[in-house]
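Chains as they are written, first to last, in the working numbering: chain W, 3 to 190; chain P, 3 to 190.
Quick reminder that beta carbons are idealized off the backbone N, C-alpha and C, glycines included.
2 protein chains.
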Amino acid sequence: MTLRHAVLAALLDEERSGYQLAKAFDLGVANFWYAKPQQLYAELARLEQGGLISGREVVQDGRPNKRMFTVTGTGLAELEKFTAATAKPSVLRDDLMVKVQAADRVDTDTLIAQLTDRIGFAQDKVDLFERLLRTMRGERAEAEFLRHGRPIGPYLTCLRGLAFERGNLDWCERAITVLRDRQAAADA
Amino acid sequence: MTLRHAVLAALLDEERSGYQLAKAFDLGVANFWYAKPQQLYAELARLEQGGLISGREVVQDGRPNKRMFTVTGTGLAELEKFTAATAKPSVLRDDLMVKVQAADRVDTDTLIAQLTDRIGFAQDKVDLFERLLRTMRGERAEAEFLRHGRPIGPYLTCLRGLAFERGNLDWCERAITVLRDRQAAADA
DNA sequence: CCTGACTAGTCAGTTTCTTGAGTATCATGG
DNA sequence: CCATGATACTCAAGAAACTGACTAGTCAGG
Chain W
3 MTLRHAVLAA LLDEERSGYQ LAKAFDLGVA NFWYAKPQQL YAELARLEQG
53 GLISGREVVQ DGRPNKRMFT VTGTGLAELE KFTAATAKPS VLRDDLMVKV
103 QAADRVDTDT LIAQLTDRIG FAQDKVDLFE RLLRTMRGER AEAEFLRHGR
153 PIGPYLTCLR GLAFERGNLD WCERAITVLR DRQAAADA
Chain P
3 MTLRHAVLAA LLDEERSGYQ LAKAFDLGVA NFWYAKPQQL YAELARLEQG
53 GLISGREVVQ DGRPNKRMFT VTGTGLAELE KFTAATAKPS VLRDDLMVKV
103 QAADRVDTDT LIAQLTDRIG FAQDKVDLFE RLLRTMRGER AEAEFLRHGR
153 PIGPYLTCLR GLAFERGNLD WCERAITVLR DRQAAADA
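Have a look at this one:
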């Protein structure tokens, strides 16, 4: 039941529509949680029913109407409760790790191709997160922003996302080097 | 359907029982995938039915009998196919990230307490992974092992696990520092 | 002697997540 | 002028994961 709280957290800063949330929780962007649009719309419906968020219809011309949501007092209380509860620590769960785990018995070139793909993806995310951080802190230096800037929550989670993708990048590069070296040694 | 392949990958090096796998895929240990025992036993049954692994009964005295599993040729072929298929990139999905995302509106001390808990957990995993790596490479220096040691797959995934937990550790420490500084600034 | 932990699993039920398709309108590019 | 692609969602079905309880024997500690 964390999607619930992830949605609440995402709506804290400002009113957002389901569609906007769907963009923010997208695979290519997600910096603190990931979910499909269908999940989000379902969750928004449940949250509204429970009174944790409230929605208002915005009539637009030139495009479909939308519903904008804000967190209610009850919703904020729920988030506070969630924050106080002990979190189960997250673990890595990554297809690529499974493939590398099998490195000894699986075709090396195939594996290197996968690692190379991942480098591309990780690099894109690194770039994205760096842009995002710059946008958030604006003119200020990072130390300045960290001390007084707002909102600080999204900035901190974005920092984690950045470090994570850099970690992926470094690891993929290292793994490729190792696999190539071994391949060369085996061929010799 | 990656649990399937994670199990195959875990059985590659040596024959293992469901119970051993359950230990290996445990929250406190998992270095490349996480799953509950019930999931594993169910998956093992399916894999055996499909002929991807084969099990043999081992009669023990003093403790319950167990079934040891090994990957068949069909199983290895399936892993090979999986390796060649494009993997969906993993994203972070962590309760703690959600809590930090809400940092601006949620009690700071509560949040710091959560971050501190996580530091403890992450430190334990860092220690565990470092021990594991030492065990795997034995007497050899790391560069030596990376070039010729076997199995290399588990070593590489363990390296990723280690870097990930170090990342958690650093981020939690940084977040705590930032939150405390801001708290001090706000009180002044 | 009893409790709790370890080995080695199984069963049932629910929640959560993913897949895939569908609706409808408007703006943009070739 | 026609095809994308963006905006803004909805519905249904299936796969994967999680929760919680239960069996049953062994061994060590208090």
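Three-way DSSP call (helix, strand, coil) for residue i in this model
{"i": "P/Val-108", "result": "coil"}
{"i": "W/Met-70", "result": "strand"}
{"i": "W/Arg-18", "result": "strand"}
{"i": "W/Gly-52", "result": "coil"}
{"i": "P/Arg-65", "result": "coil"}
{"i": "W/Gly-155", "result": "helix"}
{"i": "P/Met-3", "result": "coil"}
{"i": "W/Val-128", "result": "helix"}
{"i": "P/Arg-136", "result": "helix"}
{"i": "P/Thr-88", "result": "coil"}
{"i": "W/Phe-123", "result": "helix"}
{"i": "P/Arg-176", "result": "helix"}
{"i": "P/Tyr-43", "result": "helix"}
{"i": "W/Arg-142", "result": "coil"}
{"i": "W/Arg-149", "result": "helix"}
{"i": "P/Leu-94", "result": "coil"}
{"i": "P/Asp-2", "result": "With chain P running from 3 to 190 in the structure shown, residue 2 of chain P is simply not present."}
{"i": "P/Gly-163", "result": "helix"}
{"i": "W/Leu-78", "result": "helix"}
{"i": "W/Asp-28", "result": "coil"}
{"i": "P/Lys-101", "result": "helix"}
{"i": "W/Ala-8", "result": "helix"}
{"i": "W/Asn-170", "result": "helix"}
{"i": "P/Lys-83", "result": "helix"}
{"i": "W/Ala-115", "result": "helix"}
Given residue i as reference, the closest of the options once Cα atoms are compared
{"i": "P/Ala-177", "options": "W/Arg-162, W/Trp-35, W/Gln-185", "result": "W/Arg-162"}
{"i": "P/Ala-195", "options": "W/Asp-172, W/Leu-148, W/Val-128", "result": "Since the first residue of chain P shown is 3 and the last is 190, residue 195 of chain P is not available in this structure."}
{"i": "W/Leu-13", "options": "W/Ile-55, W/Ala-86, W/Val-180, W/Ile-114", "result": "W/Ile-55"}
{"i": "W/Ile-154", "options": "P/Leu-181, P/Arg-58, P/Gln-41", "result": "P/Leu-181"}
{"i": "P/Met-3", "options": "W/Phe-34, W/Arg-6, W/Leu-23, W/Asp-97", "result": "W/Asp-97"}
{"i": "P/Gln-40", "options": "P/Asn-33, P/Gly-53, P/Gln-22, P/Gly-52", "result": "P/Gln-22"}
{"i": "P/Ala-32", "options": "P/Cys-160, P/Thr-179, P/Glu-175, P/Ala-190", "result": "P/Cys-160"}
{"i": "W/Arg-107", "options": "P/Arg-6, P/Asp-15, P/Ala-8", "result": "P/Asp-15"}
{"i": "P/Leu-81", "options": "W/Asp-63, W/Leu-113, W/Val-93, W/Val-61", "result": "W/Leu-113"}
{"i": "W/Ala-165", "options": "W/Leu-42, W/Phe-131, W/Asp-109", "result": "W/Phe-131"}
{"i": "P/Lys-90", "options": "W/Ala-79, W/Leu-29, W/Leu-46", "result": "W/Leu-29"}
{"i": "W/Glu-50", "options": "W/Val-61, W/Arg-65, W/Phe-71", "result": "W/Phe-71"}
{"i": "W/Lys-212", "options": "P/Phe-34, P/Asp-183, P/Thr-179", "result": "Residue 212 of chain W lies beyond the residue range present for chain W, which begins at 3 and ends at 190; the question has no answer from this structure."}
{"i": "W/Arg-184", "options": "P/Gly-151, P/Gly-53, P/Arg-58, P/Thr-74", "result": "P/Gly-151"}
{"i": "P/Arg-139", "options": "P/Ala-11, P/Leu-158, P/Glu-45, P/Ser-92", "result": "P/Leu-158"}
{"i": "P/Gly-53", "options": "P/Val-60, P/Thr-74, P/Arg-69", "result": "P/Thr-74"}
{"i": "W/Asp-109", "options": "P/Gly-122, P/Val-93, P/Phe-84, P/Ala-115", "result": "P/Phe-84"}
{"i": "P/Gln-116", "options": "P/Gly-77, P/Leu-134, P/Cys-174, P/Phe-27", "result": "P/Cys-174"}
{"i": "W/Tyr-11", "options": "P/Ala-104, P/Asp-189, P/Thr-179, P/Ile-121", "result": "The amino acid occupying residue 11 of chain W in the given sequence is Ala; Tyr does not appear at that position. Here the closest residue by C-alpha is P/Ala-104."}
Beta bridge counterpart(s) of residue i as assigned by DSSP
{"i": "P/Gly-57", "result": "P/Phe-71"}
*In the segment 144-166 of chain W, which residues sit with their C-beta less than 8 Å from some C-beta in chain P, listed in chain order?*
Residues passing the 8 Å Cβ filter: Leu-148, Arg-149, His-150, Arg-152, Pro-153, Ile-154, Gly-155, Pro-156, Leu-158, Thr-159, Leu-161, Arg-162, Gly-163, Ala-165, Phe-166.
_Residues from the segment 61-81 of chain P in contact with chain W, defined by Cβ distance under 7 Å_ = Considering only beta carbons, the part of the segment 61-81 of chain P lying closer than 7 Å to chain W consists of Leu-78, Leu-81, in chain order.
*Listed from N- to C-terminal order along the chain, which residues in the segment 110-142 of chain W have their beta-carbon within a distance smaller than 9 Å of any beta-carbon of chain P?*
Residues are counted here when their Cβ sits less than 9 Å from a Cβ of chain P; for the segment 110-142 of chain W these are Thr-112, Leu-113, Ala-115, Gln-116, Asp-119, Arg-120, Phe-123, Ala-124, Lys-127, given in chain order.
*Residues from the segment 79-106 of chain W in contact with chain P, defined by Cβ distance under 8 Å*: For the segment 79-106 of chain W, which is checked against every Cβ of chain P, the residues closer than 8 Å are Leu-81, Glu-82, Phe-84, Thr-85, Ala-86, Thr-88, Ala-89, Lys-90, Pro-91, Ser-92, Val-93, Leu-94, Arg-95, Asp-96, Asp-97, Leu-98, Met-99, Val-100, Lys-101, Val-102, Gln-103, Ala-104, Ala-105, Asp-106.
*Check distances from the C-beta atoms of the segment 19-30 of chain P to those of chain W and list, in chain order, the residues that come in under 7 Å.*
Within the segment 19-30 of chain P, contact with chain W at the beta-carbon level (separation under 7 Å) is assigned to Leu-29.
*When Cβ atoms are compared, which residues of the segment 177-190 of chain P fall closer than 9 Å to chain W?*
For the segment 177-190 of chain P, the residues whose beta carbon sits under 9 Å from a beta carbon of chain W are, in order, Ala-177, Thr-179, Val-180, Leu-181, Asp-183, Arg-184, Ala-187.
*Residues of the segment 34-56 of chain W with a CB closer than 8 Å to any CB of chain P: list them in chain order, please.*
So the list reads Phe-34, Trp-35, Tyr-36, given in the order they occur along the chain.
_Taking beta-carbon pairs under 8 Å, can you tell me which members of the segment 4-15 of chain W lie near chain P?_
Here the close residues are Thr-4, His-7, Ala-8, Leu-10, Ala-11, Ala-12, Leu-14, Asp-15.
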